[in-house]
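What the sequence shown shows, in mature numbering (1 follows the signal peptide of the UniProt record, and there is no 0), is residues -22 to -1, 1 to 170, in sequence order.
Remarks on the structure that follows.
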Amino acid sequence: MPRLLLAAFVFYCAFASSQANALSQFSRACRFGDIPRALQEPAAVFFVLLGAPANTVNLPWRIEKESHWILESITTDYGAVRYYLFASSTLYRYRPGEGKYVVGETRYSRWAAQRPSDAVLKDSRLQIFLHNRGTLYSARAGHPAIYDVIEGPTARVGGTHWLYDPFIQETRPLAKTKATDCNLAEWGFETR
């Protein structure tokens, strides 16, 4: 549970748009090596705090960063907890011999409205990811240890997103998402 909360917080704060009191949803298919070099060190620390193995904190300096992927779909709500959120994330892997993408594993969040832990919010090393972000609540579907290790072919992610409004007792879908890259616009760091 604490790893889920931390992971959800990090991904939502670092990768979600900065709209206040707004719903958002996105997916990411990001090879760690594709993260801009200036962001790799704080990103590695951030991911370890979210549940990645401790030995990946030095990933920015290792060649293995080219095979470590962040494959996820996230549903977020900013400002105040209003809804229970849900996300599913389906991985698609490219098969060169077939010349197409094939469906792989699907991962699911729980219905949740998770807030980042105080440890993440107070860690000064992570402030680069937390600027201009309001309190965020989220549900994340992805690998529990943050990274998938994939050699070779590229990956894509397709996400589905839902919310449950407890006040009107209604469940409704949000727009589906797709990703073939790190979605840096969602991080707010496209120009770094």
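Where a beta carbon is used, it is the ideal one built from N, C-alpha and C, also for glycine.
For TRP39, there are no CB contacts under 7 Å within the same chain when 5 residues up- and downstream are skipped. Taking all protein chains shown into account, GLU83 has fewer than 16 neighbouring C-beta atoms within 10 Å of its C-beta and is therefore exposed. Annotation for GLN147: no beta strand (DSSP E) segment contains it, and DSSP assigns it neither H nor E. Taking a C-beta distance under 7 Å as the contact criterion, SER67 and GLY137 qualify as a contact pair. Taking a contact as a CB-CB distance under 8 Å, the pair ALA7 and VAL127 does not count as one, their CB atoms being some 14 Å apart.
In the three-state reduction of the DSSP assignment, LEU69 falls in the strand class. If you compare the alpha carbons of ILE41, ASP101, LEU69, ASN33 with that of ILE48, the shortest gap goes to LEU69. Boundaries of the beta strand (DSSP E) around PHE4: 1 to 9.
According to DSSP, residue pairing for VAL135 in a beta bridge involves LEU69, ALA157. Setting aside the 5 residues that flank it on each side, ALA153 is surrounded in the same chain by GLN3, HIS139, each with a C-beta closer than 8 Å to its C-beta; the list follows chain order.
Where LEU37 is concerned, there is no enclosing alpha helix (DSSP H), because DSSP gives it neither an H nor an E. Three or more Cβ pairs drawn from the stretch 52 to 65 and the stretch 84 to 95 lie within less than 8 Å of each other, which places the two stretches in contact.
DSSP places GLU19 in no beta strand (DSSP E) but in the uninterrupted alpha helix (DSSP H) bounded by 15 to 28. Beta-bridge analysis with DSSP links TRP140 to PHE64, PRO151. Each of LEU27, ALA22, PHE10, TYR62 was checked against the Cα of ASP96, and the nearest Cα belongs to LEU27.
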